[in-house]
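Q: Residue numbers (our numbering): 1 to 488. Glycine is no exception: its CB is placed at the ideal position from the N, C-alpha and C atoms. All values derive from a computational prediction rather than experimental measurement. Encoded as structure tokens, here's the structure I'll be asking about.
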RNA sequence: GGCGACGUGGCCGAGUGGCUAGGCAGAGGUCUGCAAAACCUCGUACAGCGGUUCGAUUCCGCUCGUCGCCUCCA
């Protein structure tokens, strides 16, 4: 098994690095998932989609991948929301984590291997806090436990922040129980009515950050390969995770840090606090999930990406172009089969259309992999797929005319394209591009139109076409006769 | 104030020290009753100003502009 070398932009190093897994042939990835106090929005979906696609690619090239994506189900925001609605906080957590699973399932990318929840790992979390206290990296005060930031000399190495220049240094609040304003809570003493767990410091709940450290180490171990999430998590979330983990393990936490850029609206980050979010479930009501995938994959994962109607339409256009290509290939293949013109032996002359198709297929695959291996350049990979689309269309268009068509060649190229797209999480089902299995009356209507056309009765022909359009089908006249294709 | 990213043709969006990204839209053509789909041809773009270089959109510096983080946030 020969796994190609891939490069990853590592936030920690601030440059692209060759990826070397900790365990040969295996990749462990931890991605920060949502805190469940509301429905996930399009911005939340980006890392979910990106890392799902990345994992698919890694598997495709031969790695065994363990993708861990947490669900934070205990947190201030959840409590806040529960109080506002007058319900129990775990009701909120359950409602929205169920919704999260449901919404992301609809993307058709499967699930991560493990989706750990904070509430199911309290023992790990408490033990982790204990170790931090014992090691002198954390201290208890008033039932809460804080991380002693000054104790961790490398604090700031991920985000490039210098502790003495941080804004909130200037904003130290009065009466704070912390030793330093930089310190952050790893365990919060329970207030009345809040969810709580027993701990050596009394009833309480975990602070933000600690659950990810505890769970990532639990499932992937120290020095695991890749830790991912949105750019906005670099500081303080990931910085703090590093501080916690490395203080206890005494060794590197994650070795590669990958951060996706923000989804924006009118150039502003899509975020709950700005109130400009677009819910994933709302999106799904309007668009095919693959449109979202192509929308994301059309730009590099580290770039910000504007969520606009125009950009979405463009992604929808890509989907349509892929589908048309499958449709075209399929209808030519069907004709060949029906006419028994398919030949068993290949007639590929290097300067003929077949040779060009074979060359283009090869080239597209090479380009696709080169792009994916270069910091997961999905936009470039898509461009490679489009090169193949053009080659297939061209072949399907011209080869039958010159009578040099080889159905096996066409089928191969089509299958290669399908394979590349499937790696990217974009799959097509035959119903989307074949005429088989269509209702008889539709086909009769199509035939009726054809008769009318031949008779020169274009008014009747167009009426039949309109009827078909109403039924959701588009008529396409091809050299092989009229065809029906489902409207997208 | 500190840290960081970005500014590519009408739009979106890759990329590179000299060699075609790609998609959408647009113009012309092929096919076609029309339409749709597809194919062919067409745009000499890289914020501005300097510098390095035989040569820079690509490297360096400065300026302008936009954005993110430093507080909850994917």
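For residue 477, count neighbouring Cβ atoms within 10 angstroms of its own Cβ and tell me buried if that reaches 16, exposed if not.
A: Here the question's residue 477 lines up with position 477 in the first chain. By the neighbour-count rule (16 or more Cβ atoms within 10 Å), residue 477 is not buried but exposed.
Q: Less than 6 angstroms between C-beta atoms, sequence neighbours within five positions excluded: which residues of the same chain meet that for residue 174?
A: Position 174 of the first chain, counting from 1, holds the residue named residue 174. Because the pLDDT of residue 174 is 46, which lies under 50, any placement of that residue in the model is unreliable, and the number read from its coordinates should be weighed accordingly. For residue 174, where only same-chain residues beyond five positions count, there are no Cβ hits under 6 angstroms.
Q: When we look at the beta-carbon of residue 341 and count the other beta-carbons within 10 Å, is it buried (16 or more) or exposed?
A: Your numbering for residue 341 matches position 341 in the first chain. Note that residue 341 has pLDDT 47, beneath the 50 cutoff, so the model's placement of it is unreliable and no number is given.
Q: Please go through the segment 52–125 and give each complete beta strand (DSSP E) segment of 3 or more residues, from N-terminal end onward.
A: 64–69, all fully within the segment 52–125.
Q: For my contact list, residue 297 and residue 379 are in at a C-beta cut-off of 8 angstroms; report their separation, rounded to the angstrom.
A: Working through the first chain from its first residue, we reach residue 297 at position 297. Working through the first chain from its first residue, we reach residue 379 at position 379. Contact flag correct, Cβ pair sits at about 7 angstroms.
Q: Is the distance from the Cβ of residue 230 to the Cβ of residue 209 below 9 angstroms?
A: Taking the first chain and counting its residues from 1, one reaches residue 230 at position 230. Taking the first chain and counting its residues from 1, one reaches residue 209 at position 209. It is not a contact, given that the beta carbons lie outside the stated cut-off.
Q: Buried or exposed: which applies to residue 445, given that a residue is buried once 16 or more other Cβ atoms fall within 10 Å of its Cβ?
A: Numbered from its first residue, the first chain carries residue 445 at position 445. Looking at its Cβ environment, which holds 16 or more other Cβ atoms inside 10 Å, residue 445 is buried.
Q: Identify whether residue 300 lies in helix, strand or coil by the three-state DSSP scheme.
A: For the purposes of this step, residue 300 is taken as the residue at position 300 of the first chain. The answer is coil: DSSP assigns residue 300 none of H, G, I, E or B.
Q: With residue 37 and residue 84 assumed to form a contact (beta carbons below 8 angstroms), what rounded beta-carbon distance in angstroms separates them?
A: Taking the first residue of the first chain as position 1, residue 37 is located at position 37. Taking the first residue of the first chain as position 1, residue 84 is located at position 84. Wrong, their Cβ atoms sit about 10 angstroms apart, outside the cutoff.
Q: Which class does residue 216 belong to by DSSP, given the choice of helix, strand or coil?
A: The sequence position of residue 216 within the first chain is 216, counting from 1. Helix at residue 216.
Q: Which residue or residues does DSSP assign as beta-bridge partners of residue 8?
A: The residue labelled residue 8 in the question sits at position 8 within the first chain. Answer is 17, bridged to residue 8.
Q: Note the first and the last residue of the continuous alpha helix (DSSP H) segment covering residue 364.
A: Along the first chain, read from residue 1 onward, the residue named residue 364 stands at position 364. 353–373 is the extent of the alpha helix (DSSP H) around residue 364.
Q: Which one or two residues does DSSP pair with residue 506 in a beta bridge?
A: Shown here, the chain extends from 1 to 488; a query on residue 506 therefore has no answer.
Q: Reducing DSSP to helix, strand and coil, say where residue 230 ends up.
A: Residue numbering aside, residue 230 sits at position 230 when the first chain is read from its first letter. Looking at residue 230 - three-state DSSP - the assignment turns out to be strand.
Q: Whose C-alpha, out of 305, 234, 411, is nearest the C-alpha of residue 268?
A: Along the first chain, read from residue 1 onward, the residue named residue 268 stands at position 268. For residue 268, the nearest C-alpha among the options comes from 305.
Q: CB residue 328 to CB residue 220, shorter than 9 angstroms?
A: One-based indexing of the first chain puts residue 328 at position 328. One-based indexing of the first chain puts residue 220 at position 220. In this structure, residue 220 does not lie closer than 9 angstroms to residue 328 by Cβ.
Q: If I follow the unbroken alpha helix (DSSP H) through residue 240, where does it start and stop?
A: Here residue 240 refers to the residue found at position 240 when the first chain is read from its first residue. Looking at the DSSP string, the run of the alpha helix (DSSP H) that includes residue 240 is 239–249.
Q: Determine contact between the segment 265–283 and the segment 188–201, defined as no fewer than three beta-carbon pairs at a distance below 8 angstroms.
A: Not touching, per the Cβ criterion.
Q: From the DSSP output, in three-state form, read off residue 384 for me.
A: For the purposes of this step, residue 384 is taken as residue 384 along the first chain, with counting starting at 1. In the structure shown, residue 384 sits in a helix (DSSP, three-state: H, G or I).
Q: Please report how far the alpha carbon of residue 344 lies from the alpha carbon of residue 410, in whole angstroms.
A: Stepping through the first chain from its first residue, residue 344 is reached at position 344. Stepping through the first chain from its first residue, residue 410 is reached at position 410. At residue 344, the pLDDT of 47 sits below 50, so the modelled position is not reliable; the number obtained from the coordinates is stated separately. Cα to Cα, the separation comes out at about 13 angstroms.
Q: Under the rule that 16 or more other beta-carbon atoms within 10 Å means buried, what is residue 88, buried or exposed?
A: If you number the first chain from 1, residue 88 lands on position 88. Counting Cβ neighbours within 10 Å, residue 88 comes out exposed, since fewer than 16 surround it.
Q: Can you give me the start and stop residues for the alpha helix (DSSP H) that residue 283 sits inside?
A: For the purposes of this step, residue 283 is taken as residue 283 along the first chain, with counting starting at 1. Counting along the chain, the alpha helix (DSSP H) containing residue 283 begins and ends at 280–286.
Q: Rank 311, 334, 375, 469 by C-alpha distance to the C-alpha of residue 4 and give the top, closest one.
A: Walking along the first chain from the start, residue 4 turns up at place 4. Ranking the options by Cα distance to residue 4, first place goes to 375.
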